[in-house]
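Data block below; observations after.
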Amino acid sequence: MGQRNNTQVSSFILRGLTDSAGIRLALFTLFLLIYLITMVGNAGMILIIRLDLQLHTPMYFFLSHLSFLDLSYSTVITPKTLENLLTSTKSISRMNCFTQLYFFVFLGATECFLLSSMAYDRYVAICNPLHYPIVMSLRRCCFLILGSYLIGFLDSFVNVLCISRLHFCESNIIQHFFCDTSPILALSCTDTHDIEIMIFIVAGTTLMVSLITISVSYVFILSTVLKTNSTSGKQKAFSTCGSHLLGVTIFYGTMIFTYLKPSKSYSLGKDQVASVFYTIVIPMLNPFIYSLRNKEVKHAFCRVTQKREGSRQLK
């Protein structure tokens, strides 16, 4: 079923994570639980930020979009993965495959620049607090958000445009559990050198520009914090930035490990583990990272809960 002589392949077969029925059932249960926690955690974060007026600040405005991206990111990958873990036929049409790839790249690239925007927000808040309300105005925040989505759109458009021009004439079996760039490039029977360079440049530029922005922001933040004499001020600054730094480290660490290398060095085992981590696990972790280490979110949750209980009592 995997062999095709026609260059116009109409569907692909996703190899998946394992051939063992027992392990697939265990993974299905685990991934379903993670997906439900991801949905509840990110939707809850968005709801709390919208309902609590004290969280209507630039930082939480960005955080609500991060939760939306994580919720969407997980939804692009996990449902199809869950379906394939339960079925013996793991077919996906060419159109659906490229659609999944498009949204996967779009959301991933958007998140890169959203994390950069969050780092810039922390830089202004700590290094230039007196001008923070002016610099981080609603207009500036919306501009940063729209810019992040626009860059994500352009990255994904270039990526899918390049890959859609490939021919697949020998096999239609994708050695992965979702439609990702590297395994699709490895599957093509045509020369992918130029396309691989183009995708590498686009992806590398996205990662490096956003990572440099984050690094420069935190160099200035660290410099400002170290000059502060107040111990409580230092602790407040580090607690404010700690969650974001942890999220950035996990996200960029797995992304760089997986993508900033030639497709020929793609390893089914190691890269699949990394892919599971950043497509399924990280979207679940972010709400916990940003809420458990953040007293404002905890207090907001208590306020929202008390308001709901109060409204019920009045009825």
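Residues in the sequence shown are numbered consecutively from 3, following the numbering used here. C-beta: ideal position from N, C-alpha, C; glycine also.
Since residue 22 is in the alpha helix (DSSP H), which residue starts that stretch and which ends it? Segment: none, residue 22 is in no alpha helix (DSSP H) and carries neither H nor E.
In whole angstroms, what is the alpha-carbon distance linking residue 210 and residue 278? Their backbone Cα atoms lie some 23 Å apart in a straight line.
Three-state secondary structure (DSSP) of residue 139: Residue state, collapsed to three classes: coil.
Beta-carbon spacing of residue 276, residue 208 below 8 Å: no
Unbroken alpha helix (DSSP H) run spanning residue 100, endpoints: Counting along the chain, the alpha helix (DSSP H) containing residue 100 begins and ends at 96-129.
Between 47, 280 and 231, which has its C-alpha nearest residue 79's C-alpha? 280
Please look up how many angstroms separate the CB atoms of residue 25 and residue 302, rounded, as I've assumed it's under 8 Å. Not really, about 40 Å apart at Cβ, beyond 8 Å.
Quick one: residues in its chain with C-beta nearer than 6 Å to the C-beta of residue 61, no 5 flanking neighbours on either side, listed in chain order? Beyond the five residues adjoining it in sequence on each side, residue 61 comes within less than 6 Å, by CB distance, of 123 in the same chain, given in chain order.
Determine, using beta-carbon pairs with one atom in the region 11-21 and one in the region 175-195, whether at least three such pairs fall under 8 Å. Contact between the region 11-21 and the region 175-195 is present, because at least three Cβ pairs lie under 8 Å.
What runs of the beta strand (DSSP E), each 3 residues or longer, lie entirely inside the region 30-109? 93-95
Span separating the alpha-carbon of residue 244 from that of residue 63: Linking residue 244 to residue 63 through their CA atoms gives a straight-line distance of about 18 Å.
Taking its Cβ as the centre, do 16 or more other Cβ atoms sit within 10 Å of residue 117, making it buried, or is it exposed? buried
Check whether residue 154 and residue 108 have beta carbons under 8 Å apart: yes
Name the one or two DSSP bridge partners that residue 14 has. 94
Which whole-angstrom value describes the C-beta separation of residue 285 and residue 76, a residue pair presumed to lie in contact below a C-beta threshold of 8 Å? 4 Å
Relative to the C-alpha of residue 113, which residue among 158, 55, 127 and 170 is closest? 158
Give the DSSP-derived three-state secondary structure of residue 168 in the structure shown. In the structure shown, residue 168 sits in coil (DSSP, three-state: anything other than H, G, I, E or B).
Start-to-end residues for the alpha helix (DSSP H) that takes in residue 187: 183-189
Residue nearest to residue 188 in terms of C-alpha spacing, selected from 206, 204, 160 and 169: 169
What are the boundary residues of the alpha helix (DSSP H) that includes residue 195? 195-229
Apart from the five residues just before and just after residue 2, which ones in its own chain have a Cβ nearer than 6 Å to its Cβ? Limits of the chain in this structure are 3 at one end and 317 at the other, which puts residue 2 out of reach.
Report buried or exposed for residue 72, applying the criterion of at least 16 other Cβ atoms within 10 angstroms of its Cβ. buried
From residue 102 to residue 183, what does the alpha carbon distance come to, in whole angstroms? 11 Å
By Cβ distance below 6 Å, which residues in the same chain neighbour residue 47 in space, the five residues on each side in sequence not counted? 69 and 289
Roughly how many whole angstroms lie between the Cα atoms of residue 8 and residue 95? Summary for residue 8: the model assigns pLDDT 46, below 50, so the residue's position carries little reliability; its value from the coordinates is reported in the next sentence. Those two C-alpha atoms are separated by around 15 Å.
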